[in-house]
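Colleague: FYI, the UniProt record's numbering numbers position 11 of the sequence shown as 11, with every residue one higher than the one before it.
Built from N, CA and C at the ideal position, the CB exists for glycine as well.
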Amino acid sequence: MVTERTLPTSNPDSAAISREEGLRIYKDMVLGRLFEDKCAEMYYRGKMFGFVHLYNGQEAVSSGVIQAAMNPGDDYVCSTYRDHVHALSAGVPAREVMAELFGKATGCSKGRGGSMHMFSNEHKLLGGYAFVAEGIPVAMGAAFQVRYRKEVMKDPNANQVVACFFGDGASNNGQFFETLNMASLWKLPILFVVENNKWAIGMAHERATSQPEIYKKASVFNMAGVEVDGMDVVAVRAVANEAVKRARAGEGPTLIEALTYRFRGHSLADPDELRSKEEKEIWFARDPINRFETFLTSNNLAKAEELKEIQAEVQRTIDEAVEFAESSPEPDPSELRRFIFAEDV
Ligand SMILES: Cc1ncc(C[n+]2csc(CCOP(=O)(O)OP(=O)(O)O)c2C)c(N)n1
Ligand SMILES: [Mg+2]
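#1: Give the straight-line distance between the Cα atoms of V233 and S63, rounded to the nearest whole angstrom.
#2: Consider the C-beta atom of W199 and the heavy atoms of ligand 2; say whether any pair is separated by less than 7 Å.
#3: Select from R112, S171, P137, Q315 the residue whose C-alpha is nearest the C-alpha of F341.
#4: Just grab the DSSP bridge partners of P72 for me.
#5: Apply the 10 Å Cβ neighbour rule to L185 and answer buried if 16 or more other Cβ atoms are within range, or exposed otherwise.
#6: How far does the beta strand (DSSP E) with L191 in it reach, from first residue to last?
#7: Would A258 and V193 qualify as a contact pair, given that the criterion is a beta-carbon distance under 8 Å?
#8: Between P137, V162, F131, D168, which lies nearest to E178 when the distance is taken from Cα to Cα?
#9: Mind checking E251: buried by the 16 CB within 10 Å criterion, or exposed?
#10: Give me the residue from D28, M42, M29 with the minimum Cα distance to E323.
#11: Output the residue ranges of the beta strand (DSSP E) runs that lie fully inside the region 67 to 131 and measure 3 residues or longer, sorted by chain position.
#12: Secondary structure at T6, three-state DSSP: helix, strand or coil?
#13: Which runs of the beta strand (DSSP E) fall wholly inside the region 157 to 224 and span at least 3 residues, in chain order?
#14: Quick check on this structure: which residue in G167, D332, L301 has the alpha carbon closest to the alpha carbon of A15?
#15: How long is the line joining the alpha carbons of E343 and E122, rounded to whole angstroms?
#16: For ligand 1, is there any heavy atom lying closer than 7 Å to the beta carbon of T317?
#17: Going by DSSP, what residues sit across from I256 in a beta bridge?
#18: Classify V152 as buried or exposed, calling it buried when 16 or more other Cβ atoms lie within 10 Å of its own Cβ.
#19: With DSSP collapsed to three states, give me the class of Y55.
#20: Three-state secondary structure (DSSP) at R24?
#21: Do Q58 and R262 have their CB atoms nearer than 8 Å?
#22: Helix, strand or coil: how does DSSP classify L153 here?
#23: On the criterion of 16 or more Cβ atoms from any shown chain inside 10 Å, does N56 qualify as buried, or is it exposed?
#24: Closer than 7 Å: is that where the CB of G174 sits relative to any heavy atom of ligand 2?
#25: For ligand 2, is there any heavy atom lying closer than 7 Å to the beta carbon of G135?
#26: Can you tell me whether DSSP reads S18 as helix, strand or coil?
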């Protein structure tokens with residue numbers, strides 16, 4: 001019998017979620033799931049190149065932090081190579097994410113980035129990063145400039161927070177420790193969100209990590225650290241809201257360890273033979289979307305048919321995104337050297 005590190009189900013009565021917010025969060029989760037399913041289909045049809053890492057199973061983390069606790073478009077989001085769904089939660093239109101995957105000029109990174117390099121200045125998406133842990137110091141830079149604008153430049157609009165997402169594997173990387181130290185020292189407005197999905201490609205977290213309970217590492221940096229059930233969007237929303245409040249009040253960063261699981265292989269090129277069937281089944285049974293559907297219907301916030309309607313609407317958006325990506329132009333070869341450096345425009 002496999003024993004899994006999980007947390008007790010959150011008490012749904014304690015979460016005051018309006019119908020409107022519940023449906024918005026649900027739609028975001030479904031968008032993340034169905035987008036990735038379509039992405040797999042398009043990858044196997046040869047529409048995209050290079051490595052593609054999907055987010056299936058982890059939706060409660062992206063939606064619970066970005067959609068439920070932040071102001072997408074004003075607050076900053078920093079991702080990893082597993083970045084499509086963070087981009088969607090941050091408000092980047094599905095058609096621009098899909099076009100980027102197809103390497104088209106209409107993509108959010110103008111077709112120059114592809115799957116691992118989603119970027120949007122407009123949506124304050126600081127980027128996907130192919131090197132493990134590479135985004136962590138970049139996210140801190142964004143948090144630093146918010147505090148600098150606020151305190152040195154007296155900018156009254158400088159009250160943004162940053163959500164920095166990364167994996168359990170990344171938390172063993174040096175940049176993680178250096179960044180936590182500075183962020184806590186300077187009380188920067190940042191949420192370090194570890195998506196602990198138990199695996200770094202084929203390396204089990206417990207095999208690689210002297211202290212597998214990552215949230216505990218916050219204490220040595222004099223920082224708040226919390227663990228949360230990353231399959232429960234209601235629970236993620238609660239801890240993220242608290243962390244955002246702390247950040248905006250100038251009380252510094254929070255390390256959130258979300259216990260989650262990826263439902264597919266590491267990338268679409270991974271045959272996923274290392275994780276046991278037993279382990280996978282335990283986590284598939286904890287599907288965050290099914291769980292939130294039960295929450296919404298049992299609290300009379302939505303009817304099952306309404307949720308079906310949302311799924312259909314999201315599917316139409318995704319189908320339209322594929323059409324947009326297919327019919328968009330390739331970047332013009334004469335522009336090969338554009339966008340390597342910032343332009344004065
Ligand atoms: C600096 C660096 N070292 C190694 C790699 C190869 N690599 C790519 S993904 C990965 C595993 C990272 O796992 P984790 O941080 O848990 O994220 P997950 O893929 O589980 O979301 C590794 C070792 C890399 N991309 N960058
Ligand atoms: Mg991992």
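Modeller: Reading from the atomic positions:
#1: Distance between the alpha carbons of V233 and S63: 7 Å.
#2: Yes, the beta carbon of W199 sits closer than 7 Å to at least one heavy atom of ligand 2.
#3: Of the listed residues, the one whose Cα sits closest to F341 is R112.
#4: According to DSSP, which records beta bridges pairwise, P72 is partnered with D75.
#5: When all chains shown are included, L185 counts as exposed.
#6: Its beta strand (DSSP E) spans residues 190 to 196.
#7: Contact flag set, yes.
#8: Comparing alpha-carbon positions, the option among P137, V162, F131, D168 lying closest to E178 turns out to be P137.
#9: A residue is called buried when at least 16 other Cβ atoms come within 10 angstroms of its Cβ; E251 does not meet this threshold and is exposed.
#10: Among D28, M42, M29, the Cα nearest to that of E323 is on M42.
#11: Those beta strand (DSSP E) runs which fall completely within the region 67 to 131 and span 3+ residues are 76 to 78.
#12: T6: coil per DSSP, three-state reduction.
#13: Runs of the beta strand (DSSP E) inside the region 157 to 224: 162 to 167, 190 to 196.
#14: Out of G167, D332, L301, L301 has the C-alpha closest to the C-alpha of A15.
#15: Each residue's alpha carbon lies about 16 Å from the other.
#16: No, since every heavy atom of ligand 1 falls outside the 7 Å radius drawn around the Cβ of T317.
#17: Bridge partners of I256: V193, V226.
#18: By the neighbour-count rule (16 or more Cβ atoms within 10 Å), V152 is not buried but exposed.
#19: Correct three-state label for Y55: coil.
#20: Correct three-state label for R24: helix.
#21: By the CB criterion at 8 Å, Q58 and R262 fall inside the cutoff.
#22: Here residue 153 is Met; the residue named in the question, Leu, does not match the sequence. In the structure shown, M153 falls within a coil segment according to DSSP collapsed to helix, strand and coil.
#23: Under a 10 Å Cβ-count criterion, N56 is classified as buried, with 16 or more other Cβ atoms of the shown protein chains found around its own Cβ.
#24: Checking the Cβ of G174 against ligand 2 gives no.
#25: It does not: the Cβ of G135 is nowhere closer than 7 Å to a heavy atom of ligand 2.
#26: Shown here, S18 sits in coil according to DSSP, grouped into three states, outside any helix or strand.
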